[in-house]
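Engineer:
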Amino acid sequence: MLRADARIAKHWYRDILSGTASGTLTVQDGKVRADAQVADGAIAFLDGTVTDISGPATFKDFKVNGDLTAKTLGGDVTATVGVDIFAAKWFGEASSDNIDFKEAALWLAKN
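So the number in the numbering used here is just where the residue sits in the sequence shown, counting from 1, plus 32.
#1: Return helix, strand or coil for Ile40, following the three-state DSSP convention.
#2: Measuring alpha carbon to alpha carbon, tell me which of Asp72, His43, Asp93, Gln60 ends up nearest Gly51.
#3: Within its chain, find whatever has a CB closer than 8 Å to the CB of Gln69; leave out the 5 residues flanking it on each side and keep chain order.
#4: Output the residue ranges of the beta strand (DSSP E) runs that lie fully inside the segment 99-143 and measure 3 residues or longer, sorted by chain position.
#5: On a Cα-Cα basis, can you pick out the residue from Thr104, Phe94, Leu140, Glu125 that is closest to Val64?
#6: Starting from the Cα of Ala111, find the closest Cα among Leu140, Asp79, Asp84, Gly124 and give me that residue.
#7: With Asp79 as the anchor, note down where its beta strand (DSSP E) starts and where it stops.
Okay, structure coming up:
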């Protein structure tokens with residue numbers, strides 16, 4: 033794949049706002065695998081927005097996994113994320129050393 037619009041995944045995650053994925057797409061024995069680099073991504077998430085999403089992501093056996101960086105709550109975030117498409121489940125773990133504590137506390141209180 034040369035470059036794909038990340039909004040193509042809105043079928044599975046409707047809150048994707050923007051971004052691109054570029055990398056390789058292979059089909060072997062009827063199975064699809066993609067190894068991509070996400071860039072310039074943005075999503076809406078629990079009354080907030082996550083921007084500047086970038087990093088490597090893979091699609092294999094209808095599961096998506098990524099190790100991404102982004103900006104939200106006034107700071108930089110690193111995250112490990114994944115989606116099991118058939119099970120309709122996702123997970124994510126994020127950390128930051130410099131988010132705006134007040135903004136984060138207000139966001140947490142609302143959600």
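Cβ atoms here follow ideal geometry from the backbone N, Cα and C, with glycine treated the same way.
In this text, all values refer to a predicted model and were calculated from it rather than measured experimentally.
Structural biologist: Well, looking at it:
#1: Here Ile40 sits in helix by DSSP.
#2: The option with the nearest alpha carbon to Gly51 is Asp72.
#3: Excluding positions up to five away in sequence, the list reads Ala53, Ser54, Gly55, Ser86, Gly87, Pro88, Ala89.
#4: DSSP runs (the beta strand (DSSP E)) wholly in the segment 99-143: 107-116, 121-127.
#5: In this structure, Phe94 is the residue among Thr104, Phe94, Leu140, Glu125 with its C-alpha nearest to the C-alpha of Val64.
#6: That would be Gly124, whose Cα lies nearest to the Cα of Ala111.
#7: Secondary structure note for Asp79: it is in no beta strand (DSSP E), with a DSSP letter that is neither H nor E.
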